[in-house]
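Asks:
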Amino acid sequence: MKTTETKYENNWLEKSLENLEKDYWGKPDYESHLVKTCHQLRKKPLKDFEIEDLRIMIGQNIGLKFLIPLALEKLRQDILAEGDYYEGDLLKAVLTSEIEFWNLEPKLTKELEAIISDNEELLNEREPDLLKSYEQWKKN
1 MKTTETKYEN
11 NWLEKSLENL
21 EKDYWGKPDY
31 ESHLVKTCHQ
41 LRKKPLKDFE
51 IEDLRIMIGQ
61 NIGLKFLIPL
71 ALEKLRQDIL
81 AEGDYYEGDL
91 LKAVLTSEIE
101 FWNLEPKLTK
111 ELEAIISDNE
121 ELLNEREPDL
131 LKSYEQWKKN
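Numbering follows UniProt numbering, with no gaps: position 131 of the sequence shown is 131.
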């Protein structure tokens, strides 16, 4: 599998996933809160994304090449960054995102490994299940 390194425009954080991917989904064709939320978030400028927005979209494997770098920035500040569910739910979403993405982005993979390594003691103390998820992620 060929690896790539994503190149970002200077103003990419000002844009939405729709703008960046040049992919407009239109109106949701399924009546669920999650589907509606994902459609709305695709229109939101990335600079306005909150932890919960990142958790939702990464959890659905949407826009990973743009959202994973944002998530890593949040995790660097707080490895246990929390959306609406529980302490560390952003990290859990990142660790369970599509492995194919990580295979294509070795720089981001190394960055995540460094963030976890720097926070291993804290994770072991407060959220050992996240370390187990990380070990599973590394096997893939």
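For each residue, glycine too, the CB sits at the ideal point set by N, CA and C.
#1: Following the continuous alpha helix (DSSP H) through I56, name the residue where it begins and the one where it ends.
#2: Candidates E127, S97 and K22: which alpha carbon is nearest Q60's?
#3: Does DSSP put L70 in a helix, in a strand, or in coil?
#4: Can you name, in chain order, every residue of its own chain whose Cβ lies under 8 angstroms from the Cβ of N124, other than the five neighbours on each side?
#5: Quick one: is Y86 buried, meaning 16 or more other Cβ sit within 10 Å of its Cβ, or exposed?
#6: Taking only three categories from DSSP, how would you classify residue 141?
#7: Drop a sphere of 10 angstroms on the beta-carbon of G26, count the other beta-carbons inside from all chains shown, and report buried for 16 or more, exposed for fewer.
#8: I believe I68 touches V94 by the beta-carbon criterion, under 8 angstroms. Please report the beta-carbon distance rounded to the nearest angstrom.
#9: Using a Cβ-Cβ cutoff of less than 8 angstroms, which residues in the same chain neighbour E18 once the five nearest sequence positions on both sides are dropped?
#10: Give me the Cα-Cα distance between K47 and I62, rounded to the nearest whole angstrom.
#11: Excluding the 5 residues preceding and the 5 following K74 in the sequence, name in chain order all residues of the same chain whose CB lies nearer than 8 angstroms to its CB.
#12: So S133 packs on K92, CB below 8 angstroms; how close in whole Å?
Replies: Walking through what the data contain:
#1: I51 to G59
#2: S97
#3: helix
#4: L131
#5: exposed
#6: Nothing about residue 141 can be reported from this structure: the residues present for the chain run from 1 to 140 only.
#7: exposed
#8: 7 angstroms
#9: Y24, W25, R42 and K43
#10: 16 angstroms
#11: I51, L54, A81 and L90
#12: 6 angstroms
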